[in-house]
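Residue numbers (our numbering): 1258 to 1412.
One structure below.
Structural data, given as structure tokens:
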């Protein structure tokens, strides 16, 4: 009488094990690719943020309003072109301006150009016209005096 040898695996068991290993490999490869893309995105964002910060520093150091509104550009150390411009609007406070700051960072072969827009207020006496500054200061003085009179009247 013959005995059956149960020491090996059947073809079905081997195929099932290969499918499980293959599915695990696909999931791990996908996760690894996501991690690599995340690192690449973080690196690009860091470079763009540094470029925008440098452009903002250039803006902060320009005393002439016309030159600020013309904008400018520069080359980064790794050869990207960065263009910036600013739209400056006066506020009702002397020497205080609303600034819309727009920066375009040149992309590379894998990425499109990136645009960043920031809005902030900037205190710049050199951007004010003397007549306008005096007028705004007088209006502020009148508002303060009116506020103080109203406050005294309530007491």
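We put the beta carbon where it would ideally sit given N, CA and C, even for glycine.
Computed from a prediction, not measured in an experiment: that's the story for all the values here.
Counted as a single uninterrupted DSSP element, the stretch harbouring residue 1407 is not any beta strand (DSSP E) but the alpha helix (DSSP H) occupying residues 1387-1411. In its chain, beyond the 5 residues on either side, 1355, 1356, 1357 and 1358 have a beta carbon closer than 8 Å to the beta carbon of residue 1376. For residue 1367, there is no enclosing beta strand (DSSP E), as DSSP marks it with neither H nor E. If you draw a straight line from the Cα of residue 1302 to the Cα of residue 1268, it comes to about 51 Å.
In the DSSP assignment, residue 1284 is bridged to no other residue. About 12 Å separates the CB atoms of residue 1350 and residue 1379; that is not less than 8 Å, and the two are not in contact.
When rounded, the separation of the alpha-carbon atoms in residue 1373 and residue 1332 is 17 Å. A residue is called buried when at least 16 other Cβ atoms come within 10 angstroms of its Cβ; residue 1276 does not meet this threshold and is exposed.
Nearest C-alpha to residue 1347 among 1338, 1316 and 1384: 1384. Cβ atoms of residue 1342 and residue 1364 stay farther apart than 8 Å, at about 18 Å. Apart from the 5 residues on each side of it in sequence, residue 1320 sits with its Cβ closer than 6 Å to the Cβ of 1383 in its chain, given in chain order.
CA-to-CA, the gap between residue 1270 and residue 1296 works out to about 39 Å.
In this model, residue 1371 and residue 1396 are separated by some 42 Å (Cα to Cα). From the listed residues 1313, 1345 and 1340, the smallest Cα separation to residue 1323 is found for 1345.
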